[in-house]
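Contents: one structure, followed by commentary.
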Amino acid sequence: MLRPSQATRAADPPPRSREVQELIEEAEKAAKRLDLARARELWARINDLAPSTMAVCQLGVFDLRLGRLEDAAAELSTCVAHMPAPTNDIERRRYEMLRRTCRFASGRRARGVRTGRAGHVLANNDRLSGGRHDRER
Numbered sequence: 236m237l238r239p240s241q242a243t244r245a246a247d248p249p250p251r252s253r254e255v256q257e258l259i260e261e262a263e264k265a266a267k268r269l270d271l272a273r274a275r276e277l278w279a280r281i282n283d284l285a286p287s288t289m290a291v292c293q294l295g296v297f298d299l300r301l302g303r304l305e306d307a308a309a310e311l312s313t314c315v316a317h318m319p320a321p322t323n324d325i326e327r328r329r330y331e332m333l334r335r336t337c338r339f340a341s342g343r344r345a346r347g348v349r350t351g352r353a354g355h356v357l358a359n360n361d362r363l364s365g366g367r368h369d370r371e372r
């Protein structure tokens, strides 16, 4: 039988490789610089090296911000489906936020809303910005 200290250690996630930890740090720096494409690229590499729910969640969030709604909806659905059950208020809020974001991405994708070349929100190829409604050319 395991003693409590042994049981705790057995439940701990395996340590990250040095390469994965460095990629995570680089991805966080890219996100802080608002270099979303680079951050997304790094999280994809992290997920290739060490697949995890956290990596899929990050990919979903960055794909949503980059206007890649189909990818975001799929990744966020996977993220929510594989997240461990929340055990405290912070985790519950995070879980609910991800569920709402997943529904948002799925809904936008279903309604034909996407992001255009300059980051404008497009609905059926009509650009919506600054209260104007222009046709995207």
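Each residue of the sequence shown is one higher than the last, beginning at 236 in my numbering.
Note that the Cβ used here is the ideal one computed from N, Cα and C, for glycine as well.
On a predicted model such as this, the values are computed, not experimentally measured, just so you know.
Assignment of Met-318 by DSSP, reduced to helix, strand and coil, places it in the coil class. The Cβ neighbour count for Thr-322, taken over all protein chains shown within 10 Å, is under 16; the residue is labelled exposed.
If you draw a straight line from the Cα of Arg-303 to the Cα of Pro-250, it comes to about 31 Å. Residue state for Arg-334 is assigned as helix, using DSSP reduced to three classes. Distance between Val-291 and Asp-324, taken at the CA atoms: about 22 Å. 8 Å or more divides the Cβ of Glu-254 from the Cβ of Leu-277. For Lys-267, there are no CB contacts under 7 Å within the same chain when 5 residues up- and downstream are skipped. C-alpha of Asp-306 to C-alpha of Leu-258: approximately 21 Å in a straight line. Ranked by how close their Cα comes to the Cα of Ala-308, the residues Arg-335, Arg-328, Ser-287 have Arg-335 in first place.
Residues of the same chain with a CB within less than 6 Å of the CB of Arg-327, apart from the 5 flanking positions on each side, are Pro-321 in chain order.
Scanning its chain for C-beta atoms nearer than 8 Å, with the 5 sequence neighbours on each side dropped, one finds around Arg-300 the residues Leu-271, in chain order.
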